[in-house]
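Enquirer: In the numbering used here, the protein residues as written are 1293 to 1588. Here a beta-carbon is modelled for each residue, glycine too, at the ideal position from N, C-alpha and C. The structure under discussion is supplied below as structure tokens; questions concerning it will follow.
Encoded structure:
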């Protein structure tokens, strides 16, 4: 019998996991997967629990929650780089945007996803790393990238993605550029005023499913988008174009792929890692090819 460790955020998705948990455990148990659970209690708890699950030799680790919970679990697992074996990772998407789960076409129906785990359908994926921390889907910096970790958790639980739109309107009023130096492998060095930079591992970012249409989760490359200084009207036009996937040809947008890049700034610039606060610049970003397996 296989052993699984299910790490879940009890407040995600209007506390949906509390209701689903008995049925999920029963379905996995009947298929020969003995599953124990851990409900997270605060920041860093999911990361510590995932690292411990690797050390204790669980056959499967499952993260249930939003992008923040997933990021913590990935950090706990990816940090075990010296381990001879890293168990495959399962994902129950219960957050507001679920960017990574959407990109991987992970089923929202829990029954369908349990069956993927039971049938052992896995695929290897790349993981991003910056300053000793890991990200599975997105890293970025700039005014608007602060949206996701500035929206209160309770507000996200109550009104979902509308909370981000409300915060976005508030941010746009005070939109300002940041001076950045971007030094990427295989590219000319960039220096200037930028509204934001995004480093993505998939095509789905912040609910935009065509932001990096050429991104692949297992190609060993980071897809980089940088938006040059523009006014509010130009930025709103860019956002509209991004919904259609037409933004890459705009002169305000720089897009390229790389394995490694360094970003610095003379000012204080916070980093967003999978929707969570991830420290500040400077940052050295790199890709760890096919570092983890996920059920997908």
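Just to confirm the assignment, what range does the alpha helix (DSSP H) spanning residue 1368 have?
Expert: Within the chain shown, the letter at position 76 stands for residue 1368. Looking at the DSSP string, the run of the alpha helix (DSSP H) that includes residue 1368 is 1359 to 1370.
Enquirer: By a C-beta neighbour count over all protein chains shown, 10 Å radius and 16 as the cutoff for buried, is residue 1304 buried or exposed?
Expert: The sequence position of residue 1304 within the chain shown is 12, counting from 1. Label assigned to residue 1304: buried.
Enquirer: Tell me which same chain residues have a C-beta within less than 6 Å of the C-beta of residue 1574, skipping the five on either side of it?
Expert: Taking the chain shown and counting its residues from 1, one reaches residue 1574 at position 282. The residues are 1556.
Enquirer: Rounded to the nearest angstrom, what separates residue 1346 and residue 1367 at their Cα positions?
Expert: The count along the chain shown starts at 1 and reaches residue 1346 at position 54. The count along the chain shown starts at 1 and reaches residue 1367 at position 75. Cα-Cα distance, rounded: 12 Å.
Enquirer: For residue 1584, which option in 1405, 1293, 1538, 1420 has the closest C-alpha, if you only look at C-alpha atoms?
Expert: Locating residue 1584 in the chain shown gives position 292, where the first residue counts as 1. Nearest of 1405, 1293, 1538, 1420 to residue 1584, Cα basis: 1420.
Enquirer: Inspect the beta-carbon positions of residue 1603 and residue 1510 and report whether they are closer than 8 Å.
Expert: A query on residue 1603 cannot be resolved here, the shown segment of the chain reaching from 1293 to 1588 and no further.
Enquirer: Given residue 1559, which residues of its chain have a CB within under 7 Å of its CB, disregarding the five upstream and five downstream residues?
Expert: Your numbering for residue 1559 matches position 267 in the chain shown. 1470, 1471, listed in sequence order.
Enquirer: Determine the DSSP secondary structure at residue 1348, reduced to helix, strand or coil.
Expert: Residue mapping note: residue 1348 aligns to position 56 of the chain shown, counting from 1. Note: residue 1348 maps to coil in three-state DSSP.
Enquirer: Only counting the same chain, and skipping five residues up and downstream in sequence, which positions put a Cβ closer than 7 Å to that of residue 1378?
Expert: By one-based count along the chain shown, residue 1378 stands at place 86. Excluding positions up to five away in sequence, the list reads 1346, 1369, 1372, 1584.
Enquirer: Could you tell me how far apart the beta carbons of residue 1392 and residue 1494 are, in whole angstroms, since I believe they sit closer than 8 Å?
Expert: Start at 1 with the first residue of the chain shown, and residue 1392 comes out as number 100. Start at 1 with the first residue of the chain shown, and residue 1494 comes out as number 202. Yes, residue 1392 and residue 1494 are in contact; Cβ-Cβ is about 6 Å, under 8 Å.
Enquirer: Pick out whichever of 1501, 1551, 1295, 1507 has its Cα sitting closest to the Cα of residue 1479.
Expert: Indexing the chain shown from 1 puts residue 1479 at position 187. Among 1501, 1551, 1295, 1507, the Cα nearest to that of residue 1479 is on 1551.
Enquirer: Can you look up residue 1377 in the DSSP assignment and give me helix, strand or coil?
Expert: By one-based count along the chain shown, residue 1377 stands at place 85. Here residue 1377 sits in coil by DSSP.
Enquirer: Along the chain, where does the alpha helix (DSSP H) containing residue 1406 start, and where does it finish?
Expert: As a position in the chain shown, residue 1406 is number 114, starting the count at 1. Counting along the chain, the alpha helix (DSSP H) containing residue 1406 begins and ends at 1402 to 1410.
Enquirer: Express the C-alpha separation of residue 1390 and residue 1412 in angstroms, rounding to a whole number.
Expert: To locate residue 1412, count along the chain shown from 1; it is residue 120. To locate residue 1390, count along the chain shown from 1; it is residue 98. Residue 1412 and residue 1390: Cα-Cα distance of roughly 22 Å.
Enquirer: Can you confirm whether the segment 1332 to 1348 touches the segment 1306 to 1316 when touching is taken to mean that 3 or more C-beta pairs between the two stretches lie within less than 8 Å?
Expert: Flag = no, the segment 1306 to 1316 and the segment 1332 to 1348 do not touch.
Enquirer: Identify, in the order they occur along the chain, each residue of the same chain with its Cβ nearer than 8 Å to the Cβ of residue 1302, setting aside the five sequence neighbours on each side.
Expert: Working through the chain shown from its first residue, we reach residue 1302 at position 10. So the list reads 1309, 1310, 1331, 1332, once near-sequence residues are dropped.
Enquirer: Go through the segment 1486 to 1573 residue by residue and report every complete run of the alpha helix (DSSP H) that reaches 4 residues or more, in order.
Expert: Counting only runs of 4 or more, we get 1524 to 1536.
Enquirer: Which one or two residues does DSSP pair with residue 1472 in a beta bridge?
Expert: Taking the first residue of the chain shown as 1, we reach residue 1472 at position 180. Paired residue(s): 1484.
Enquirer: Cα separation between residue 1355 and residue 1562?
Expert: Locating residue 1355 in the chain shown gives position 63, counting from the first residue. Locating residue 1562 in the chain shown gives position 270, counting from the first residue. The straight-line gap from Cα to Cα measures roughly 26 Å.
Enquirer: Assuming contact is defined by CB atoms lying nearer than 8 Å, are residue 1539 and residue 1522 in contact in what I supplied?
Expert: Against the chain shown, residue 1539 aligns to sequence position 247. Against the chain shown, residue 1522 aligns to sequence position 230. No, they are not a contact pair.
Enquirer: Taking all protein chains shown into account, decide if residue 1325 is buried (16 or more other Cβ within 10 angstroms of its Cβ) or exposed.
Expert: Stepping through the chain shown from its first residue, residue 1325 is reached at position 33. So residue 1325 counts as buried.
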